[in-house]
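Residue numbers (my numbering), protein chains in the order written: chain E, -2 to 87; chain D, 1270 to 1816.
Working notes, beginning with the structure itself.
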Amino acid sequence: MQSFNHTLNCVGGLHARPAGVIVNAAKQFSSDILIRKLSAEGAKEADAKRLISLMSLGARRGETITFYINGPDESMAAEKLQALCREMVG
Amino acid sequence: MNSIAKPSLFRGIGIGETAVYGKIRFIGEKKPAPERKSRGAAAEKREFDAALTQARAETSALYRKTLAAAGKEAASIFEIHEMLLCDPDFIDLVHSGISKGLSAPDAVREAGESLAGIFEGLEDEYLSARAADMRDISSRVCSIITGGEDEREGDGSPEIIVCRDLTPGDTVKLDTERVAGFVTFAGSVNSHTAILARAMDIPALIRAEEFGPELDGAPAILDAQAASLSVNPTPEEMLKLAESLQRREAERSRLRTLAALPAVTKSGRRIALYANIGSTAEAEAAYRAGAEGIGLFRSEFLFIGRDDLPGEEEQFEAYRDVASLFADRAGPVVIRTLDIGADKSLPALRLDAEENPALGMRGIRLCLSRPELFRTQIRAILRASAYGKTAIMLPMITCSDEIARTKRIISEEKNRLRFEEVAFDESIGLGIMIETPAAAIMAHELARECDFFSVGTNDLFQYTLAADRQNHRLAYLEEGGVEPVMRLIKLASEGIHSAGEDKWLGICGEMAADVKLTETLLAAGADELSVSPPYLSRIKDRVRGID
């Protein structure tokens, strides 16, 4: 199991375009990839390979999401997704 | 109750700047498709799967159509639609509806509504706007199954489309020749509909005060700037609109004819007319205005207003988008490397304060002192060059050593890309800005090191006159300052043109956009003029009037 945090700095939060980028990247791996968002109302989880699921997290700029990656290619997936998060802006 | 002909005014949020006249055309809630019983889960699933495949194909066709008509940003919605159409959450929900005994269209509608409901419940305005996308894709799949394409007939007169919320799919289908504008009671400035409307130059009023379908067919003026819809307008209002329409139409048709014409003087001298842009969005405006290329792509927009630095991927994507947009135009996309200094600093660079930033570490001087920053940008530009003719332009050059050092970096990065088997244009051009008098004076020697030049007249003026143009007490130097700058440009031109047949000189500062100076600049030897998109047609008009 791999996990890391990412604080969103995209202007529109995890809106359609960045969510689409994550989904496309996540689909390349066979590991299960879960994204969890903690907020005052409690935790919400989404499957990183599903756009609708990810968008309905409603993650906004400044909020922190946590990736949980579990499976045979988890370290590669973690590396790739972390790089993607770092580059994701705008 | 209001009588039909009574003037009434409805307010909302205006998108665009224009005012238009048209007859109101109500698009009510979509007619529900005829009820249909399930013909068995297996048959309904097959029908749904087939419709899904067709819907994906239609969506990707819409993507290409919008990309060509309105650019990448507007088109990206259809990429998202395609992903939504492939999303297992959507498909599973429809399948489970069918298993429960619903017909395929009913199951699609239910799934679409239930997912749209989730988005609507989100606090974020941008994300809640995605509900319309969810409804759009489900109604697309439905209408494929039921075979019902809603035809909108009309008498051919301009129409103002009124509805609750236009889906992006609807917006693209609108015939802009006949649709004068649209009014929605819902929507937001961030909705894709609003983005598309802007990109396609259709005025719109969103979140308008609600009115009923009894106004269908009534004449109205939609004024995006006033953010209002005037139904049954008074004669005075009509007269005012007619005058402004006439002015706009006359100017528009003149400019339209100009966009397709070359910038050529009466004696047949061809001038390259390029655009200055500071963002990818501006590139689309430049393209539509008929720019033959981009003479100055300021890369600073990627760096400013943030605490970190843009990575290679992010830069590459921005450069690539513009390069591929202009791939079918004659001229290159000239990307100027980061032009930043202590006067317009970036938090991420932590630059030292300088006593005199205008004469300090800025432009190429800064980039050469920060090789990692510079190399990232060079690599991003090189990679973008595989998608359309691209060139690199260096700001603030004073001596040939600066060009030589940059060329070493470029050649090393090219080697790395070759090794990594990443595509780029081997013959990518290299040019420099002429901003310092030294560069103008030494242009002949500098021309041995590069392919082209572009005069940044604002800086050349400031450095030639030793006068800060922001300092209003020095305004008296303005008028007399033009001549010395012109002489430097002429000197540079002679030096450049005697160094090689294919070397060219452009002008990309404010002077290039001043119609009073166009003739003098051409006489001084400018081969290219680069101006912001709104000036393109005016300058072209001027060039075509010169002997």
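Glycine included, C-beta positions come from ideal geometry on N, C-alpha and C.
Quantities reported herein were computed from a predicted structural model and do not represent experimental measurements.
is_contact[residue i, chain E] using C-beta, thresh 8 Å
i	result
Y1290 (chain D)	no
D1492 (chain D)	no
D1419 (chain D)	Because D1419 (chain D) carries a pLDDT of 47, less than 50, the predicted location of this residue cannot be relied on, and the following value inherits that uncertainty. Not one chain E Cβ lies under 8 Å of D1419 (chain D).
R1523 (chain D)	no
P1357 (chain D)	yes
E1641 (chain D)	no
K1299 (chain D)	The pLDDT assigned to K1299 (chain D) is 49, lower than 50, so where the model puts this residue is not dependable; a value taken from the coordinates is nonetheless given after this. Cβ-Cβ to chain E under 8 Å: no for K1299 (chain D).
Partner residues on chain D for residue i, Cβ-Cβ distance less than 7 Å
i	result
G55 (chain E)	L1391, E1392, D1393, L1396
Same chain, Cβ closer than 6 Å to residue i, five either side skipped, listed in chain order
i	result
R1421 (chain D)	Low confidence applies to R1421 (chain D): its pLDDT is 46, below 50, so where it sits in the model is not reliable, and the reading given next is rough at best. Excluding positions up to five away in sequence, the list is empty.
A1400 (chain D)	A1385, F1388, E1389
L1530 (chain D)	none
A75 (chain E)	Q(-1), I66
G1547 (chain D)	R1567, F1570
K1809 (chain D)	L1527, A1532, L1542
T1645 (chain D)	E1581
L1790 (chain D)	I1776
E30 (chain E)	First, the amino acid is wrong: residue 30 (chain E) is Ile here, not Glu. Excluding residues within five positions, the ones whose Cβ falls inside 6 Å are A23, A45, I66.
A1376 (chain D)	V1363, G1366, I1367
I1900 (chain D)	What the structure shows of chain D is the stretch from 1270 to 1816, and residue 1900 (chain D) is not part of that stretch, so it cannot be assessed.
Exposed unless 16 or more other CB atoms sit within 10 angstroms - verdict on residue i
i	result
R1523 (chain D)	exposed
N1501 (chain D)	buried
I1609 (chain D)	buried
S1680 (chain D)	exposed
Q1515 (chain D)	exposed
A1709 (chain D)	buried
E1682 (chain D)	buried
R1589 (chain D)	buried
A43 (chain E)	buried
V1289 (chain D)	buried
G1574 (chain D)	exposed
S1272 (chain D)	With a pLDDT of 43 at S1272 (chain D), under the threshold of 50, the predicted position of this residue should be treated as unreliable, though the coordinate-derived value follows. Answer is exposed; the Cβ neighbour count stays below 16.
V20 (chain E)	buried
Under 9 Å by beta carbon: chain D residues contacting residue i
i	result
G17 (chain E)	S1345, E1348, I1349, M1352
C-beta neighbour in chain D for residue i, strict 8 Å
i	result
H12 (chain E)	yes
R83 (chain E)	yes
G68 (chain E)	no
K77 (chain E)	no
Partners in chain E for residue i, counting only beta-carbon separations shorter than 9 Å
i	result
L1384 (chain D)	I49, S53
I1360 (chain D)	Under the 9 Å cutoff, chain E gives no residues; its nearest Cβ is about 10 Å from I1360 (chain D).
Proximal residues of chain E, C-beta to C-beta of residue i below 8 Å
i	result
G1580 (chain D)	R83, E84
Other residues of its chain near residue i: CB distance less than 7 Å, five sequence neighbours each side excluded
i	result
F1585 (chain D)	A1649, R1652, A1653
S1638 (chain D)	M1630
S72 (chain E)	Q(-1)
A1655 (chain D)	A1692, F1693, D1694
A1319 (chain D)	none
S1806 (chain D)	L1524, L1527, A1528, A1558
A1673 (chain D)	E1718
G1456 (chain D)	D1434, T1462, A1463, I1475, R1476
E1479 (chain D)	F1454
N1545 (chain D)	G1564, L1565, C1777, S1799, V1800, S1801
M1755 (chain D)	T1789, A1793
Proximal residues to residue i (C-beta, below 8 Å), its chain only, five neighbours per side dropped
i	result
V1533 (chain D)	R1539, I1540, V1812, R1813
M1833 (chain D)	In the structure as shown, chain D starts at 1270 and stops at 1816, and residue 1833 (chain D) therefore has no counterpart that could be examined.
E1286 (chain D)	P1472, A1493, Q1494
R1308 (chain D)	S1372
L1278 (chain D)	S1497, L1498, S1499, V1500
D1737 (chain D)	A1627, Q1731, L1743
Chain-ordered chain E contacts of residue i [CB-CB under 7 Å]
i	result
I1387 (chain D)	S53
R1399 (chain D)	A13, M52
E1690 (chain D)	What E1690 (chain D) touches in chain E: nothing, since even the nearest Cβ is about 20 Å away.
Within-8 Å CB hit, residue i to chain C
i	result
L1607 (chain D)	As a matter of chain content, chain C is missing from the structure shown, whose protein chains are E and D.
Unbroken stretches of the alpha helix (DSSP H), 4 residues or longer, contained in the stretch 1388 to 1421 of chain D: 1394 to 1397, 1399 to 1415
Could you give the uninterrupted runs of the alpha helix (DSSP H) lying entirely in the stretch 1521 to 1548 of chain D, keeping only those of 4 residues or more? none
Hey, which unbroken runs of the alpha helix (DSSP H) at 4 residues or more fall wholly within the stretch 1705 to 1732 of chain D? 1706 to 1710, 1712 to 1715
What are the start and end residues of each continuous beta strand (DSSP E) run of 3 or more residues lying completely inside the stretch 1277 to 1323 of chain D, in chain order? 1277 to 1280, 1282 to 1284, 1288 to 1295
Jot down the residue ranges of each uninterrupted alpha helix (DSSP H) in the stretch 9 to 45 of chain E, minimum 4 residues, whole runs only, in chain order. The stretch 9 to 45 of chain E contains these whole alpha helix (DSSP H) runs: 13 to 23.
Quick check for students: name the residue ranges of the beta strand (DSSP E) that lie wholly in the stretch 1751 to 1786 of chain D, counting only runs of 3 or more. 1773 to 1776
Runs of alpha helix (DSSP H) wholly within the stretch 1553 to 1625 of chain D (minimum 4 residues, chain order): 1581 to 1594
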